[in-house]
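K.L.:
The following block contains the structure, expressed as structure tokens.
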Amino acid sequence: MVENLVKIKDLTPRSRGVNIIAKVVSKKPERVVSSQYDRSEHRLSEALIADETGAISLVLWDERVDEINEGDTVKISNAFIKLYRGRMQLNLGRFGKVESLELNIPEVNVENNLSERQVGQTGGSFRRTGSKPRFKRTSRRET
4 MVENLVKIKD LTPRSRGVNI IAKVVSKKPE RVVSSQYDRS EHRLSEALIA
54 DETGAISLVL WDERVDEINE GDTVKISNAF IKLYRGRMQL NLGRFGKVES
104 LELNIPEVNV ENNLSERQVG QTGGSFRRTG SKPRFKRTSR RET
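In this note's numbering, the protein residues as written are 4 to 146.
Right under this line is the structure:
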């Protein structure tokens with residue numbers, strides 16, 4: 004198996020080298036997007052994966068779209084968290100791996116979906132965005 008397995012509930016916006024075993028709860032239909040760098044086209048899909056502690060979106064690019072299906076139990080190795088529009092997503096990047104396992108996870112927790120929470124980074128922790136600003140802007144008076 005994989006060493007240093009983590010549970011989904013323990014992921015943070017700074018998680019790197021993530022190793023997880025989870026069930027693919029759902030998978031969105033693929034779409035084609037253009038790269039912001041070179042305008043090349045890429046296939047993209049998102050899968051909601053979950054374990055007994057929580058759920059998170061897994062982003063799948065190009066050939067990886069075909070590597071997993073809804074209902075599969077997967078082993079994800081060397082993934083990382085990326086914030087996209089203030090929400091956490093699990094990404095494989097260049098060095099991550101995903102593979103199907105012959106393992107059944109009977110119950111998963113989709114109520115604790117980390118990708119549904121809006122987060123912002125502050126130091127080493129994360130907080131919900133939308134909080135009151137620390138400094139209030141005041142207008143300057145002419146003297």
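Beta carbons: idealized from backbone N, C-alpha and C, even for Gly.
Kindly list the residues whose CB is nearer than 7 Å to the CB of Asp13, restricted to its own chain and excluding five residues on each side of it in sequence; keep chain order.
P.N.:
none
K.L.:
Find the nearest neighbour of Leu63 within the set Leu95, Glu73, Phe83, judged by alpha-carbon distance.
P.N.:
Leu95
K.L.:
How long is the line joining the alpha carbons of Arg42 and Pro32, rounded to whole angstroms?
P.N.:
22 Å
K.L.:
Residues in the same chain with beta-carbon distance under 8 Å from Glu73, minus the five sequence neighbours each way, listed in chain order, please.
P.N.:
Val27, Val28, Ser29, Lys30, Ala50
K.L.:
I need the straight-line Cα distance from Val113 to Thr56, nearest angstrom please.
P.N.:
8 Å
K.L.:
Could you check if Asp54 is buried or exposed, using at least 16 other CB atoms within 10 Å of its CB as the buried criterion?
P.N.:
By the beta-carbon neighbour count (other beta carbons within 10 angstroms, threshold 16), Asp54 is buried.
K.L.:
Might you give, ordered along the chain, the residues of its own chain that have their beta carbon closer than 6 Å to the beta carbon of Asp65, omitting 5 neighbours on each side?
P.N.:
His45, Arg46
K.L.:
Between the Cα of Glu105 and the Cα atoms of Ile84, Ile71, Ser60, which residue gives the shortest distance?
P.N.:
Ile71
K.L.:
Under the rule that 16 or more other beta-carbon atoms within 10 Å means buried, what is Asn35, buried or exposed?
P.N.:
Checking the sequence shown, residue 35 turns out to be Val, not Asn. Its Cβ having fewer than 16 others within 10 Å, Val35 is exposed.
K.L.:
To the nearest whole angstrom, what separates the beta carbons of Leu93 and Val122, a pair I think is in contact under 8 Å?
P.N.:
That pair is no contact at about 14 Å.
K.L.:
For Glu110, which residues in the same chain have their Cβ closer than 8 Å to its Cβ, ignoring the five residues on either side in sequence?
P.N.:
Glu55
K.L.:
Does any residue of chain C bring its CB to less than 8 Å from the CB of Glu33?
P.N.:
Annotation note: the requested chain C is absent from the structure, which comprises a single protein chain.
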